[in-house]
Amino acid sequence: AREFTIAIDGPAASGKSSTARAVAKELGFGYIDSGSIYRCATLLALRQGIAADKIDEHISELASLISEASMEIRIQKDAGRHTIGLAAAAGRLVVPGVQVLLNSEDVSKEIRTPEVNRLVAKVASDRSVREAVLHMQRALAAAAESSSTTIRQKGKDIKVPGGVVMDGRDIGTTVFPTAELKIYLDASPMARAIRRWDELSNQVKDAAKAKRLSNSRNTGGAGDGQSTKPAVTVQADYPSVEDIARELEQRDYQDINREHSPLRIASDAVVIDNTNLTFEQQVYSIADLARERM
Ligand code: C5P
1142 AREFTIAIDG PAASGKSSTA RAVAKELGFG YIDSGSIYRC ATLLALRQGI
1192 AADKIDEHIS ELASLISEAS MEIRIQKDAG RHTIGLAAAA GRLVVPGVQV
1242 LLNSEDVSKE IRTPEVNRLV AKVASDRSVR EAVLHMQRAL AAAAESSSTT
1292 IRQKGKDIKV PGGVVMDGRD IGTTVFPTAE LKIYLDASPM ARAIRRWDEL
1342 SNQVKDAAKA KRLSNSRNTG GAGDGQSTKP AVTVQADYPS VEDIARELEQ
1392 RDYQDINREH SPLRIASDAV VIDNTNLTFE QQVYSIADLA RERM
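Numbering (our numbering), first residue to last: 1142 to 1435.
Here you go:
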């Protein structure tokens, strides 16, 4: 049986995923990003060519596709800059990146496209989809959980429990209602939109850089005197902060107002508003709360 479970819930872009990963790393726990499971389910729907307004008609087909799918969430040792956001990028904590495999295919990027963002809350509102995802969440958590170890500290043997950190919307209320520690992470809507915008612009910059590199390689590389000149200008092909704020608000509205497992603050959750916290402050305070309860 799992010894220690940390459930981190909260609205979109409140920093759950990077915080959960850093906390898992700090405590030596496994980590599961449950949003990525709903995102994979949404990708399956898009690939089946199911239109947004036809989801309801095809829901049982979609639920069985999810039940038959295999998923893997791999933690990468390196920091994933675009997934950290401004506060963390300036800090010292290294946040491991994650790779998401759906039926053995790396879909890490594809599950974060605007199409998936637009459709995911609709897919996640269905009861049979949530049931299929619930099985997957529990199976992935069982696979990811670390086992207990004994460390020697100040001349004493201390048993450190094994555990798992899972983030999402209903982890503390539905998926793991008996989790040892429940956190509800929130931030002001503008702070969340700015962080998401920052992530997006970093992704665009990274993609442009990769393109420049491959262009300069194709044209003979560094020796041609062209390599310092950008081959592509970073054109703002991404939404404004206001657009993102609107999208997050719509998604939160759907997540809060759906019938099955809506986003709620569990009665025994510790609420952390990180609008004015540094990334380190919030990660260490959550890790300390966990240690106090071990
Ligand atoms: O966390 P992330 O933003 O990737 O989640 C994407 C969507 O997946 C959420 O907006 C929500 O609709 C759904 N979700 C959910 N329950 C969870 C995790 C995610 O309904 N535990």
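Think of the CB as a built atom: it goes at the ideal place given N, C-alpha and C, for glycine as much as any other residue.
Check: Alpha carbon to alpha carbon, what distance is there between S1402 and I1216?; Outcome: 27 Å
Check: Give the DSSP-derived three-state secondary structure of Q1395 in the structure shown.; Outcome: helix
Check: Spatial neighbours of L1281 within its chain, please: C-beta separation below 7 Å, excluding the five flanking residues on both sides.; Outcome: I1173, M1212, I1214
Check: V1248 and V1239 look like a contact to me (Cβ under 8 Å); what is the Cβ gap, rounded to whole Å?; Outcome: That pair is no contact at about 12 Å.
Check: Flag this pair as yes or no: are the beta carbons of V1382 and A1161 separated by less than 8 Å?; Outcome: no
Check: DSSP three-state call for D1311: helix, strand or coil?; Outcome: coil
Check: Mind reading off the beta-carbon distance from N1415 to A1351? Whole number of angstroms is fine, and I expect it under 8 Å.; Outcome: That belief does not hold up - the Cβ atoms of N1415 and A1351 are roughly 31 Å apart, past 8 Å.
Check: Identify which residue in L1389, A1153, I1252, I1427 has its Cα closest to the Cα of K1323.; Outcome: I1427
Check: With a threshold of 7 Å (Cβ to nearest heavy atom), would S1177 be considered close to the ligand C5P?; Outcome: yes
Check: Quick one: measure Cβ to Cβ for P1330 and E1390, integer angstroms, because I've assumed they're closer than 8 Å.; Outcome: 7 Å
Check: For A1284 and R1259, what's the separation of their Cα atoms in angstroms?; Outcome: 30 Å
Check: List the DSSP bridge partners of Y1325.; Outcome: D1150, V1412
Check: Return helix, strand or coil for T1419, following the three-state DSSP convention.; Outcome: coil
Check: What is the rounded straight-line gap between the Cα of I1299 and the Cα of T1290?; Outcome: 8 Å
Check: Taking 8 Å as the threshold (beta carbon to beta carbon), is D1339 in contact with chain B?; Outcome: In the structure shown, chain B cannot be found, because there is only a single protein chain.
Check: Among K1195, T1183, G1169, A1410, whose alpha-carbon lies nearest the alpha-carbon of F1317?; Outcome: A1410
Check: In this structure, what does DSSP give as the bridge partners for R1293?; Outcome: D1298
Check: Which residues does DSSP list as the beta-bridge partners of E1246?; Outcome: L1243
Check: Which class does R1440 belong to by DSSP, given the choice of helix, strand or coil?; Outcome: An answer regarding residue 1440 cannot be provided, because it is not within the stretch 1142 to 1435 covered by the chain.
Check: Kindly indicate which three-state DSSP category T1160 falls into: helix, strand or coil?; Outcome: helix
Check: Within the continuous beta strand (DSSP E) that includes I1173, where are the two ends?; Outcome: 1171-1174
Check: So what's R1215 in DSSP terms, helix, strand or just coil?; Outcome: strand
Check: Give the straight-line distance between the Cα atoms of R1336 and I1207, rounded to the nearest whole angstrom.; Outcome: 30 Å
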